[in-house]
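Following numbering that gives the first Met the number 0, the numbering of the sequence shown begins with 0 at its first residue and continues without gaps.
Glycine residues also receive a C-beta, built at the ideal position from the N, C-alpha and C atoms.
Bear in mind the structure is a predicted one, so any value in this text is a computation, not a measurement.
To start, the structure under review is shown below, and the notes come after it.
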Amino acid sequence: MAQRKLDVEKYRELLLQERERLLDQIRRIDDRTAGRDRLESQVSSEDFDEPGGDAASDTLERSQAMAIGENFRDMLAHVDHALDKLEKGTYGQCDACKKPIAKARLDFLPWATMCADCRKRLAG
Ligand SMILES: [Zn+2]
């Protein structure tokens, strides 16, 4: 199979950097959703008289943090998948149509594992 010469090491570097960043973000969000980071919810002490007021905003903040955490985990799965493809020598190849992913796309999204066409098609 004719393989393009991609600068695999460059992409590996980018992916590992992104992986570190995501793991760091996930750790922070886990701390927050686990209630270890309570500083912000302690700020407005006047609100304590309002029944449920503080708890409600805390729940909202927590569910937002969890939603963001989901996104990061999702991203991490993409990054891991791309790293896996690097190991297997299939990096830069579309998962769906097996055609090469445009280099410009990989430069912009190193964790892309589908070409733009398939991405669009499968996203509906
Ligand atoms: Zn494709």
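Simplified DSSP assignment, three categories, for residue i
| i | result |
| --- | --- |
| Ser43 | Here the model assigns Ser43 a pLDDT of 49, short of 50, so the residue's position is not dependable, and the following value carries that caveat. In the structure shown, Ser43 sits in coil (DSSP, three-state: anything other than H, G, I, E or B). |
| Met0 | With a pLDDT of 48 at Met0, under the threshold of 50, the predicted position of this residue should be treated as unreliable, and no value is reported. |
| Leu108 | coil |
| Val7 | helix |
Among the options, the one whose alpha carbon lies nearest that of residue i
| i | options | result |
| --- | --- | --- |
| Cys117 | Cys96, Leu13, Asp6 and Arg61 | Cys96 |
| Arg31 | Val7, Lys9, Tyr10 and Leu59 | Leu59 |
| Gln24 | Lys87, Leu105, Phe71 and Gln92 | Phe71 |
| Arg120 | Asp73, Ser56, Cys93 and Arg26 | Cys93 |
| Arg18 | Asp57, Trp110 and Ala115 | Trp110 |
For residue j and residue i, believed in contact at Cβ under 8 Å, the rounded distance
| i | j | result |
| --- | --- | --- |
| Leu5 | Leu75 | Actually they do not touch by this definition, with Cβ atoms about 22 Å apart. |
Any non-hydrogen atom of ligand 1 closer than 7 Å to residue i Cβ
| i | result |
| --- | --- |
| Ala95 | yes |
| Asp79 | no |
| Lys98 | yes |
Exercise for the section: Report yes or no: do the region 8 to 28 and the region 74 to 92 share at least 3 C-beta pairs separated by less than 8 Å? Expected result: yes
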